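J.: Numbered continuously in UniProt numbering, the sequence shown closes out at residue 138. Where is the CB? At the ideal position from N, CA and C, for every residue including glycine. Bear in mind that the values here come from a model prediction, so they are computed numbers and not experimental data. One structure is given below, represented as structure tokens, and several questions about it will come after.
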Amino acid sequence: MNDNERLSALLVEFYEKLSSWEHAVVRGSALTLPQTHTLEILGQHDSLRMKELAAKMGVTTGTLTVTVDRLEKRGLVERVPHETDRRSVLVTLTPAGRELCREHHALHLRLTGELAAALSEAEVESLVVILHKLSQAF
1 MNDNERLSAL
11 LVEFYEKLSS
21 WEHAVVRGSA
31 LTLPQTHTLE
41 ILGQHDSLRM
51 KELAAKMGVT
61 TGTLTVTVDR
71 LEKRGLVERV
81 PHETDRRSVL
91 VTLTPAGREL
101 CREHHALHLR
111 LTGELAAALS
121 EAEVESLVVI
131 LHKLSQAF
């Protein structure tokens, strides 16, 4: 097995474990994984147009509409008119959505802490640099 094959296998294994953890966390809530990801992305931005949010999630606006409809019914997001573009609608978190997002973020921080505990400080710093470079490649 060459380096590229080993790296690919390790990335797949890590992704599967991370996905399994995410599904376990979501299983304990009333939200689906796509709904949780929608809240996470909105938590990083004040508000986004549907098209922008769909692009960040890697889904169509049609798929996102269903997710946003369900989150809106739960009182977690709201659609508001765009200030300058009458054709656009912004999706934003409600106070309840922000609170849920904060709670989920705390779970991410806990997992990150658990993962980082297995690494030295230098390894954590190296991992940050490597992950940043990989993120820039997309």
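Look up leucine 7 in the DSSP assignment and give the residues it is bridged to.
T.: Within the sequence shown, the letter at position 7 stands for residue 7. Answer by DSSP bridge pairing: none, since leucine 7 is not bridged.
J.: Should the stretch 108-118 be regarded as contacting the stretch 60-78, the criterion being three or more beta carbon pairs within less than 8 Å?
T.: Short answer: they don't touch.
J.: Just mark threonine 38 as buried or exposed, buried being the case when its beta carbon has 16 or more other beta carbons within 10 Å.
T.: Here residue 38 is taken as the residue at index 38 of the sequence shown, counted from 1. So threonine 38 counts as buried.
J.: Is the stretch 120-136 touching the stretch 54-62 in the sense that three or more CB pairs, one from each, lie closer than 8 Å?
T.: Taking 8 Å as the limit for Cβ pairs, the verdict is that the stretch 120-136 does not touch the stretch 54-62.
J.: Mind checking which residues open and close the beta strand (DSSP E) that includes threonine 92?
T.: Reading the sequence shown from its first residue, position 92 is the one you call residue 92. Where threonine 92 is concerned, the enclosing beta strand (DSSP E) stretches over 89-93.
J.: Kindly provide the ranges of any alpha helix (DSSP H) runs that are 4 or more residues long and lie completely inside the UniProt domain "HTH marR-type" (4-136), ordered along the chain.
T.: 33-44, 50-57, 61-73 and 95-116
J.: Going along the chain, which residues of its own chain have a beta-carbon closer than 7 Å to the beta-carbon of alanine 96, five neighbours each way excluded?
T.: One-based indexing of the sequence shown puts residue 96 at position 96. The answer, listed in chain order, is Gly75 and Leu76.
J.: CB-CB under 8 Å to arginine 86, same chain, minus the five flanking residues each way: which ones, in chain order?
T.: As a position in the sequence shown, residue 86 is number 86, starting the count at 1. Here the set comprises nothing.
J.: Roughly how many angstroms lie between the CA atoms of methionine 1 and leucine 18, to the nearest whole one?
T.: If you number the sequence shown from 1, residue 1 lands on position 1. If you number the sequence shown from 1, residue 18 lands on position 18. Taking the straight line from one Cα to the other gives about 24 Å.
J.: What is the C-beta distance between valine 89 and methionine 50, in whole angstroms, given that I count them as a contact (C-beta under 8 Å)?
T.: The residue you call residue 89 lines up with position 89 of the sequence shown. The residue you call residue 50 lines up with position 50 of the sequence shown. Sure, about 6 Å apart at Cβ, within 8 Å.
J.: Taking the alpha carbon of cysteine 101 as the point to measure from, which residue in Glu83, Leu71, Thr84 and Ile130 has its own alpha carbon closest?
T.: Locating residue 101 in the sequence shown gives position 101, where the first residue counts as 1. Nearest option by C-alpha distance: Leu71.
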